[in-house]
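Using the working numbering, the letters of the sequence shown correspond one by one to residues 195 to 261.
Glycine is no exception: its CB is placed at the ideal position from the N, C-alpha and C atoms.
Keep in mind that this is a model prediction, so the values were computed, not measured.
This report concerns only the one structure given below.
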Amino acid sequence: MTAKLIDGKAVAKQVREEVKEKVAKRVAAGKPKPGLATVLVGSDPASEVYVGMKKRMCERLGMESFS
């Protein structure tokens with residue numbers, strides 16, 4: 195059995211492009227934007243960075259972000 199190397203960055207880029215396209219089609223059809231809600235408990239700096247990354251990705255994909 196041979197191993198197959200998967201380029202994770204390329205796969206992630208393709209998934210993001212597909213999601214962005216589907217979101218745009220949904221909005222163009224008059225449907226509401228999909229969204230992601232996050233709940234941050236406490237003030238852990240790493241968690242704040244993580245939530246911020248999710249918010250920025252939602253913006254890039256045309257999605258709503260609720261925190």
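Item, Value
"May I ask which residues mark the beginning and end of the alpha helix (DSSP H) holding L230?", "Here L230 belongs to no alpha helix (DSSP H); instead the beta strand (DSSP E) covers G229 to A231."
"Between the alpha carbons of A240 and K249, how many angstroms are there, rounded?", "14 Å"
"Would you kindly report the start and end of the unbroken beta strand (DSSP E) that includes S259?", "E258 to F260"
"What does the alpha-carbon distance come out to for the pair A231 and M247?", "13 Å"
"Kindly indicate which residue of Q208, T196 and L199 has the alpha-carbon position closest to the one of L255.", "Q208"
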